[in-house]
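Mapping to full-length UniProt numbering: the sequence shown position 70 is 70, numbers consecutive. One structure is given here, and the rest of the page talks about it.
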Amino acid sequence: MNYDTLNLYEYHGIYNDVDYVYDSELSEEYMSYQAIWKAVILQAIIDSTSNYKRMENKIEKIKANNWFNDYSEDFVTVCHFAGYSAVTVQTKAKRIISNSK
Numbered sequence: 001m002n003y004d005t006l007n008l009y010e011y012h013g014i015y016n017d018v019d020y021v022y023d024s025e026l027s028e029e030y031m032s033y034q035a036i037w038k039a040v041i042l043q044a045i046i047d048s049t050s051n052y053k054r055m056e057n058k059i060e061k062i063k064a065n066n067w068f069n070d071y072s073e074d075f076v077t078v079c080h081f082a083g084y085s086a087v088t089v090q091t092k093a094k095r096i097i098s099n100s101k
């Protein structure tokens, strides 16, 4: 998977110094996208460790736990867009979730 999935780069063939300047402008935009996907992972961790009483929140907790455990294509994609290794996120999230019980 490459970063062009988010349409952040335009490939012009040969890279030179001009391309690096162009990429640095897009780097800020890419980091903004990364921040959004990092927030998705954080929200899933928050949902997984919540102790809310409402049924809707309990369902979200189950969904979040399943999302971390199933290692689905969506999970891997979100981790990639966030700039993280899916295995590392899964390992750390499981540790956080188990420590919250």
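For glycine and all other residues, C-beta sits at the position ideal for the given N, C-alpha and C.
Practice item. Spell out a yes or no on whether the region 28-43 and the region 74-82 are touching, meaning 3 or more CB-CB pairs, one atom from each, closer than 8 angstroms. Key: Because the criterion of three Cβ pairs below 8 angstroms is met, the region 28-43 and the region 74-82 touch.
**Study point:** Host alpha helix (DSSP H) of ASN99 (start-end)
**Key:** Reading the sequence shown from its first residue, position 99 is the one you call residue 99. Looking at the DSSP string, the run of the alpha helix (DSSP H) that includes ASN99 is 86-99.
Check your understanding: Taking C-beta to C-beta, are ASN57 and SER48 nearer than 7 angstroms?
Key -> Along the sequence shown, one-based indexing puts residue 57 at 57. Along the sequence shown, one-based indexing puts residue 48 at 48. No, these two residues do not count as a Cβ contact at 7 angstroms.
Review point. Distance, Cα to Cα, ASN2 vs GLY83?
Key: Within the sequence shown, residue 2 is the residue found at index 2, counting from 1. Within the sequence shown, residue 83 is the residue found at index 83, counting from 1. Here ASN2 scores only 44 on pLDDT, less than 50, and its place in the model should not be relied on; the value that follows carries that caveat. Cα to Cα, ASN2 sits roughly 11 angstroms from GLY83.
Point to revise | ALA93 to ALA35 span [Cα, whole Å] | key: Reading the sequence shown from its first residue, position 93 is the one you call residue 93. Reading the sequence shown from its first residue, position 35 is the one you call residue 35. Straight through space, the alpha carbons of ALA35 and ALA93 are spaced by roughly 18 angstroms.
Practice item. Count the other C-beta atoms from every protein chain shown that fall within 10 angstroms of the C-beta of LYS61, then say buried if there are 16 or more, exposed otherwise. Key: Along the sequence shown, read from residue 1 onward, the residue named residue 61 stands at position 61. Under this definition LYS61 is a buried residue.
Check your understanding: Can you find a heavy atom of the ligand NAP that lies under 6 angstroms from the Cβ of ILE96?
Key -> For the structure depicted, the ligand NAP is absent and the ligand set is empty, with no information on it obtainable.
Check your understanding: What residue range is occupied by the uninterrupted alpha helix (DSSP H) comprising ASN65?
Key -> Stepping through the sequence shown from its first residue, residue 65 is reached at position 65. ASN65 -> alpha helix (DSSP H) spans 55-70.
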